[in-house]
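Working notes, beginning with the structure itself.
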Amino acid sequence: MAGQIVVGVDGSHSAAAAVEWAADDAVRRGARLRVVHVREPWSMDYPYRSAPWLPDALTAYWRAVLAATVDWVRGYAPGLQVSATLLTGAAAERLCTEAEDADELILGGGGPGGFVGAVLGSVGRDVAWHAMAPVVVVNRSPGRRHGEIVVGYDGSPVSEAAMEYALGEAARRCARVCVLYAWSAPPFSPYATACAGGLAEAMGEVTREVRLRLAMWRERCPGVTARLRPMRGHPVTALSDASRRADLVVVGSGAHGDATGAGFGGSAGYSVGYEVLRHARCPVAVVHPRETAGSRPGGGGH
């Protein structure tokens, strides 16, 4: 671990919530906090004929925002080591580069002006599925603490990374973990008729395998309470509903942005994970196995 958490700011309300979340997590981890804003190159290249002073004004504005953020963090969490940097480049690519040396990357889930999904639909979505470090997307300031972390889990290697992250967060927060396994199949699929008992028995066999894997995690983390919640239903609905009573939802993401962790994966996993980010009522962490992190947007592989 690098002992550093990176948080991106863009002037939105959700970015302010992300800073608060990042500061709290940095304190729990004993890590440094790095605040960054990425300025797209076009913001400097545009010919401001009517206002030639504007590029310098934009630079001064964002430096002032970063300085104010650092001052706020120092007042909010005295003793926390915090720094700020103004970067120029393609936002998704630069944020992914920042994540390479970080324990976590924290982003707000709404764009400037509070439009939820404005950043998530472009920069945030790309970063969440391609950054090497876990990416936490925060839409609003934390409300009432529930003392529970929800993790989507199906026993796959990708969901194992999500489980490891969820248990670590639970240990630092003294929280319990709800291990959610959502499983569904079309009514005439092979799974529905594979066993004499039909779908229920087939689901039971898969659930038993998940329970065995979860037992190994309990042995590794005896201080954390982790309970399995198998259910039949769509993963987006299951995780979104569970988020109403959680402080954090954790999902896994594979080498090409395919999310998994609640009985979903493959080409549909990306859309499932994206919908969870859109509809969850609490922050969502997207976790990658470090050795299989996706390729950087606009660039080569990590």
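For what it's worth, the numbering used here labels the leading residue of the sequence shown as 168, then goes sequentially.
C-beta: ideal position from N, C-alpha, C; glycine also.
These figures come from a predicted structure and were not determined experimentally.
Looking at residue i: is its Cβ nearer than 9 Å to the Cβ of residue j?
i	j	result
residue 193	residue 249	yes
residue 208	residue 259	no
residue 274	residue 347	no
residue 271	residue 303	yes
residue 377	residue 320	yes
residue 380	residue 331	no
residue 174	residue 189	yes
residue 305	residue 410	no
residue 340	residue 201	no
residue 452	residue 336	yes
residue 308	residue 447	no
Pull up the DSSP beta-bridge partners for residue i, would you.
i	result
residue 398	349
residue 204	253
residue 415	316
residue 190	Note: residue 190 sits in no beta bridge, so no partner.
residue 393	344
residue 290	Beta-bridge pairing links residue 290 to no other residue.
residue 199	171
residue 271	172
residue 452	303, 417
Compute the Euclidean distance between the alpha carbons of residue i and residue j, then round it to the nearest angstrom.
i	j	result
residue 171	residue 197	9 Å
residue 282	residue 375	Note that residue 282 scores 36 on pLDDT, short of 50, meaning its location in the model is unreliable; the coordinates nonetheless yield the value given after this. Each residue's Cα considered, the two are about 42 Å apart.
residue 185	residue 344	22 Å
residue 445	residue 230	30 Å
residue 240	residue 246	10 Å
residue 419	residue 322	11 Å
residue 423	residue 297	With a pLDDT of 40 at residue 423, under the threshold of 50, the modelled position of that residue is not reliable, and no figure is offered here.
residue 292	residue 252	22 Å
residue 450	residue 416	6 Å
residue 397	residue 255	46 Å
residue 456	residue 334	15 Å
residue 385	residue 393	7 Å
residue 312	residue 399	27 Å
residue 176	residue 383	39 Å
residue 314	residue 261	34 Å
residue 203	residue 443	26 Å
residue 318	residue 413	10 Å
residue 263	residue 294	6 Å
residue 338	residue 324	21 Å
residue 388	residue 224	51 Å
residue 350	residue 329	18 Å
residue 126	residue 440	Since the first and last residues shown for the chain are 168 and 469, residue 126 lies out of range.
residue 244	residue 179	21 Å
residue 431	residue 403	With a pLDDT of only 38 at residue 431, under 50, the local geometry of the prediction cannot be trusted, and the value read off the model is given with reservation. So the two alpha carbons sit approximately 10 Å from each other.
residue 408	residue 227	43 Å
residue 187	residue 310	12 Å
residue 236	residue 401	40 Å
residue 471	residue 191	Because the chain here runs from 168 to 469, residue 471 falls outside it and cannot be looked at.
residue 148	residue 232	Not covered by the structure: residue 148. The range shown for the chain is 168 to 469.
residue 395	residue 269	30 Å
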